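Just below is one structure, and these are the notes that go with it.
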Amino acid sequence: KTIEPLVTTPYPTWEKLKEQALSCQRCQLCYNTQKTVFGEGNTQAPLMLVGEQPGDQEDIEGRPFVGPAGKVLTQAIKHAGFERENIYLTNAVKHFKFKQIPNRRLHVTPNDEEIHACSLWLEAEKALIQPKVVLMLGGSAAKALLKRPVSVLKERSNPFTLSPEIIGLITVHPSYLLRMEDNKDRKREAYFKFVEDIKQAYQLAV
Ligand code: URA
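If you want the UniProt record's numbering, it's the position in the sequence shown, counting the first as 1, plus 247.
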């Protein structure tokens with residue numbers, strides 16, 4: 248399937264952008280999913296958080312970060328001292344990529360082509376929201392914005408210039424914390440390091 252060139256750019260408003268994104272067919276992922284999961288939150292926010300892609304629950308509800316990883320993120324945002332309603336939350340890819348197994352849809356990491364196809368929406372969100380800081384949660388988000396593979400554990404926690412007006416910061420994806428082996432102390436330490444990254448992003452933004 249060929250990727251259609253962008254018809255309307257720049258989008259006049261965030262609402263218009265969302266409306267267009269909801270019927271996106273720029274890659275194959277739209278054909279097997281229930282919903283397009285667009286970004287949500289405060290469209291005037293100085294901080295934008297970018298995840299990878301919706302999960303099973305997000306695909307059902309049509310909202311980002313409402314499943315297990317989203318709950319960890321929402322709690323971490325609270326621990327960092329603010330609320331998710333204060334910021335703008337989105338994903339690099341707006342459709343759930345999965346492998347169907349009996350009784351379950353298993354997350355599959357989006358490939359470069361899917362990330363590239365969907366970066367049109369992400370870049371337009373960034374242009375409309377004009378955040379001061381973009382916090383990338385995990386490798387797919389970082390790859391989508393930096394256009395190169397990123398080693399999250401090497402590059403996390405160090406603010407950098409994403410564009411002349413925007414500070415970039417990379418941290419782990421909350422699902423990394425969920426997947427960690429069952430060592431309570433290490434999990435707790437990793438969780439609070441994640442909270443520190445969110446706090447740093449927020450402090451740079453406000
Ligand atoms: N993981 C993500 O990266 N985004 C979501 O919206 C949910 C889970």
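Backbone N, C-alpha and C fix where the C-beta goes; we use that ideal spot for every residue, glycine too. What you are looking at is a predicted structure, and each value in this text was computed from that prediction instead of being measured.
Open item on the list: Less than 6 Å between C-beta atoms, sequence neighbours within five positions excluded: which residues of the same chain meet that for Val380?
Closed with: Indexing the sequence shown from 1 puts residue 380 at position 133. So the qualifying residues of the chain are Leu294, Ile414, Ala448, Leu451 and Ala452.
TODO: Flag Pro378 as yes when its Cβ comes closer than 6 Å to any non-hydrogen atom of the ligand URA, and as no otherwise.
DONE: Here residue 378 is taken as the residue at index 131 of the sequence shown, counted from 1. Pro378 Cβ: outside cutoff for every heavy atom of the ligand URA.
TODO: Could you pull the start and end residues of the beta strand (DSSP E) that Ser270 belongs to?
DONE: Taking the first residue of the sequence shown as 1, we reach residue 270 at position 23. Premise fails: Ser270 is in no beta strand (DSSP E) and is neither H nor E.
TODO: Provide the residue(s) that pair with Gly288 in DSSP beta bridges, ordered along the chain.
DONE: The residue you call residue 288 lines up with position 41 of the sequence shown. Its beta-bridge partners are Tyr335.
TODO: Determine, using beta-carbon pairs with one atom in the segment 315-325 and one in the segment 391-410, whether at least three such pairs fall under 8 Å.
DONE: no
- [ ] Report the option in Pro357, Ala374, Val442 and Asp429 whose CA atom is closest to the CA atom of Gly302.
- [x] Counting from 1 along the sequence shown, the entry for residue 302 is found at position 55. For the residues Pro357, Ala374, Val442 and Asp429, the minimum Cα distance to Gly302 belongs to Pro357.
Open item on the list: Taking 8 Å as the limit between beta carbons, can you name the residues of its chain near Cys277, skipping five residues before and five after?
Closed with: Residue mapping note: residue 277 aligns to position 30 of the sequence shown, counting from 1. The answer, listed in chain order, is Cys271, Thr283 and His342.
- [ ] Consider the C-beta atom of Ala292 and the heavy atoms of the ligand URA; say whether any pair is separated by less than 6 Å.
- [x] For the purposes of this step, residue 292 is identified with residue 45 of the sequence shown, where counting begins at 1. No.
Task: Three-state secondary structure (DSSP) of Val254 - done: Walking along the sequence shown from the start, residue 254 turns up at place 7. Legend: pLDDT at Val254 = 48, less than 50; position of this residue unreliable, value from coordinates given subsequently. Of the three classes helix, strand and coil, the one that applies to Val254 here is coil, per DSSP.
Task: Beta-carbon gap between Ala339 and Ala391 smaller than 7 Å - done: Residue mapping note: residue 339 aligns to position 92 of the sequence shown, counting from 1. Residue mapping note: residue 391 aligns to position 144 of the sequence shown, counting from 1. In contact: Ala339 and Ala391 (Cβ atoms closer than 7 Å).
Open item on the list: Determine whether the beta carbon atoms of Arg310 and Thr321 lie at a separation below 7 Å.
Closed with: Position 63 of the sequence shown, counting from 1, holds the residue named residue 310. Position 74 of the sequence shown, counting from 1, holds the residue named residue 321. No. Outside cutoff.
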